[in-house]
Every structure is written in structure tokens, then in C-alpha cells.
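Participant: Below is one structure. I have some questions about it.
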Amino acid sequence: MKITALAGGVGGAKLAHGLAQILPAEDLTVVVNTGDDFEHLGLSICPDLDTVCYTLAELANSETGWGRADETWNVISNVEKLGGPAWFRLGDADIGTHLERTRRLKAGEALSQITKDFCAAWGIKPTVLPMTDSAVRTVVDSDEGELAFQEYFVHRQCQPRVKGFRFEGVASAQPAVGVKEALRSADAVIFCPSNPWVSIDPILQVVKEIEKPVFAVSPIIGGKTIKGPAAKMFAELGIEPSAYAVAEHYRAILRGFILDVEDAALENKIQNLGCATLVANTRMNHPADRARLAEETLQFIRSL
Ligand code: GDP
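Dropping the structure here:
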């Protein structure tokens, strides 16, 4: 079965890793959000793309959910000593990624080509694609005005109350080479348990339509996120955060929805939105959990 998965960072990377463990590499494409990308210290940084790649390459720091395992921090601590901006933590090995990517982008190469080459260097077999090669930048409208995404997410630690989102540059952005084809040739499209507002929505705005059946795994369990501001965002936008709220958010395109055992009581209500449901243990604490959830998701898709 050919799968195209849409992913943000932490939650997206975990399920992508599970899928990569059980699917033949040629049957898996992961399309990654680049709305979180930004330029910082002269570097082009792609946080979600790097989280997905480091996770697939088994180089990721599983405790933080971002960055690399066994990092050292010499560069950023020296930036800090000199009074420079150190709020965005960049490890030394990670900086190597950003330096080389920045060099190649400045030489006019496309992010998708650079990502392809990095994946080959890291031994990543499935295809990983940025959603677009154009600059699309998520802007958070908040009670403190508009904030660039990383300013909101990392520098302000998601404290401002959100009022909405816009994705600067999205109107003219084309999907990266391979994205449309991956969506067309897939048997099913899986939305990983990523933030609906700022990880999946930017990808949907770039690709515009998905013809193949869509399945989503809830990033919200028991009304809360495992990490990150998705539940806080739902609440601040006046929507009670829940697995139901996630399903409702995607209802126009959803064929099936995977919710956590903890939320089993919401199953009927979600089915009433017109989609099939699977209740599963969706907490991916260990690599084995990722493969198990990926396998259950594929079985669910096959059963329909
Ligand atoms: P970000 O761009 O780094 O914030 O990453 P994502 O958008 O991909 O992921 C954030 C979401 O992942 C949050 O809403 C988390 O609740 C969710 N998440 C993280 N780990 C897990 C997990 O093990 N299971 C599920 N179901 N969701 C998870």
C-alpha cells in the first residue's frame, strides 16, 4: 500500500518513523510543513523538516523532541557570551545542517533537492519532501499583534493568546516537485498527529486538494497535547480542545480518524461527522509504539 503522510515536527516525525519501519521505502512519502522555517543568525532553519529527517535517520534527541542526540552546544553558548540571540537553541551538529543548507539555498538550489541529498547522506530511505520550495511563513495573530511563528513558539513560549493564523506567501507557493505526484499515486493520505493549525493546515493550503482518502491520527488525547500548543490554540480560538475538535477541523476531507483509547467515549460523536473511526493506543513513547500505531493505522485503512 502506498502512503503519503503529512507531518509537522514532533508528533509527525514519530508516526513517520513508525510508517518507515513497516512500509517498503518506495511506498512512503512524507510531506513536511515548512511554515515554521525561518532565518536566524544568518542561517536557513527548517525545524519540522529537520525533526522528521533526524528522527527517520535515528539521529534525533528523543527527550527534547527536536535537535540531535549527543549534541554539544559550543557555538550557541559563544553566541550568548557575545550578547547574541541564543533563545533558539542550536546544537553544533545541527548548525552543520543549517550551514550547508544555507550555502546551497544561497547558490540557488531548491530546498527539495537539498533535502533529497541530505536524506541520502543520512541513510533515509523513504522520500521526504518539503511542502514547497517557496518561502511560506506562518504568522500568528495574537493579543499582542502579529508574531512570526518562531517568535511566538520558541521566544515567547506560546504565551500570547492566539486569534488566528496566516501563511505568508502561500497564495503564490507551488507544491515542491514530487508532492502532487505523491498525493496522486498514494492509496491513502495520513495526517500524522501534528498540530492541525500550524503544521497540517499550511500543507493543505499549499496542496489545495487531496483526491485520495484521508486518515488522521489525533494529536490531542484527553483534551491535551503531549507537547506543544495545539490544545491551547483550540481553546483560545473558542473551540473546546478534544479529539472531536480535531476530527471536526478536518471533517470536509476525512475518511477515517484514529483517536486514543482515552477518548473512546468520543467515538460515536466523531462517527456522526461522517468518518470511520479506530480507537487505538496513540501514545508513541518508544520506537516500538510508533511501528505498532503505524501498523494498526494501515490495517484500519485496508479494512475500509
Ligand atoms: P511541532 O511542529 O514540533 O509542534 O510538531 P507537530 O505539529 O508534528 O506535533 C505536535 C503535536 O504532536 C502535539 O499536538 C502533540 O500532542 C502531538 N504528539 C506528540 N507526540 C505524540 C504521540 O506520541 N501521540 C500522539 N497521538 N500525538 C503526539
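Using my numbering, read the sequence shown as starting at 73 and increasing by one per residue. A virtual CB, placed ideally from N, CA and C, is assigned to each residue, including glycine. None of these values were measured; they are calculated from a predicted model.
(1) One question on the structure: do residue 21 and residue 164 come within less than 9 angstroms of each other, judged by their Cβ atoms?
(2) Among the residues of its own chain, which have a CB less than 7 angstroms from the CB of residue 343, if the five just before and after it don't count?
(3) Assign residue 154 to buried or exposed, taking buried as 16 or more other Cβ atoms, counted over all protein chains shown, within 10 Å of its Cβ.
(4) Just the Cα atoms here: how many angstroms apart are residue 209 and residue 221?
(5) So the beta strand (DSSP E) residue 323 belongs to, where does it begin and stop?
(6) Name the one or two DSSP bridge partners that residue 111 has.
(7) How about residue 133 and residue 120: are their beta carbons less than 9 angstroms apart?
(8) Would you mind working out which of 74, 108, 82 sits nearest residue 299, comparing C-alpha positions?
(9) Count the other CB atoms, across all protein chains shown, that sit within 10 Å of the CB of residue 100; report buried if there are 16 or more and exposed otherwise.
(10) Where do the N-terminal and C-terminal ends of the beta strand (DSSP E) with residue 202 fall, by residue?
(11) DSSP state of residue 233, grouped into three classes?
(12) I'd like to check one pair, residue 187 with residue 125: are the Cβ atoms closer than 9 angstroms?
(13) Along the chain, where does the alpha helix (DSSP H) that runs through residue 242 open and close?
(14) In chain order, what residues of the same chain have a beta carbon less than 7 angstroms from the beta carbon of residue 266, not counting five sequence neighbours either side?
(15) I'd like the span of the beta strand (DSSP E) that includes residue 338, first residue to last.
(16) Taking the alpha-carbon of residue 199 as reference, which of 205, 234, 185 has the nearest alpha-carbon?
(17) Roughly how many angstroms separate the alpha carbons of residue 335 and residue 347, rounded to a whole number?
(18) Please report the Cβ distance between residue 373 and residue 302, rounded to the nearest whole angstrom; I am assuming they are in contact, meaning their Cβ atoms lie under 8 angstroms.
(19) At a cut-off of 8 angstroms, would you count residue 297 as near the ligand GDP, judging by its Cβ distance to the nearest heavy atom?
(20) Taking a contact to mean a Cβ-Cβ separation below 9 angstroms, would you say residue 289 touches residue 330 in this structure?
(21) Classify residue 101 as helix, strand or coil using the three-state DSSP reduction.
(22) Does the beta-carbon of residue 315 have 16 or more other beta-carbons within 10 angstroms, so that it is buried, or is it exposed?
(23) Looking at the structure shown, is residue 351 part of a helix, part of a strand, or coil, going by DSSP?
(24) Just to confirm my understanding: we take residue 160, look at its own chain, exclude 5 residues before and 5 after, and list those with CB closer than 7 angstroms. What are they?
(25) May I ask whether a heavy atom of the ligand GDP can be found less than 8 angstroms away from the beta carbon of residue 357?
(26) Could you check what DSSP says for residue 259 in three-state terms: helix, strand or coil?
(27) Give me the DSSP bridge partner(s) of residue 75.
Facilitator: Judging by the given coordinates:
(1) No statement about residue 21 is possible, as the shown extent of the chain runs from 73 to 376 and does not include it.
(2) So the list reads 349, once near-sequence residues are dropped.
(3) Counting C-beta atoms within 10 angstroms of its own C-beta, residue 154 has fewer than 16 neighbours from the protein chains shown and is therefore classed as exposed.
(4) Computed Cα separation, rounded: 8 angstroms.
(5) Element bounds for residue 323: n/a, residue is neither H nor E.
(6) 116.
(7) Their beta carbons are not under 9 angstroms apart, which means residue 133 does not touch residue 120 by this criterion.
(8) Comparing Cα positions, the closest option is 82.
(9) Result: buried.
(10) Per DSSP, residue 202 is one residue of the beta strand (DSSP E) stretching across 199-202.
(11) Three-state DSSP puts residue 233 in coil, outside helix and strand.
(12) Yes, the Cβ-Cβ distance between residue 125 and residue 187 is below 9 angstroms.
(13) Segment: none, residue 242 is in no alpha helix (DSSP H) and carries neither H nor E.
(14) Within the same chain, residue 266 has close Cβ partners 79, 80, 83, 84, 272, 291.
(15) Premise fails: residue 338 is in no beta strand (DSSP E) and is neither H nor E.
(16) Nearest option by C-alpha distance: 185.
(17) Their backbone Cα atoms lie some 16 angstroms apart in a straight line.
(18) With a Cβ gap of about 23 angstroms, residue 373 and residue 302 do not count as contacting.
(19) Indeed, a heavy atom of the ligand GDP lies less than 8 angstroms from the Cβ.
(20) In contact: residue 289 and residue 330 (Cβ atoms closer than 9 angstroms).
(21) Three-state DSSP puts residue 101 in a strand.
(22) That one is buried.
(23) In this structure, residue 351 counts as strand in the three-state DSSP scheme.
(24) Cβ neighbours of residue 160 beyond the five flanking positions: 112, 222, 226.
(25) Yes.
(26) In the structure shown, residue 259 sits in coil (DSSP, three-state: anything other than H, G, I, E or B).
(27) Paired residues: 100, 260.
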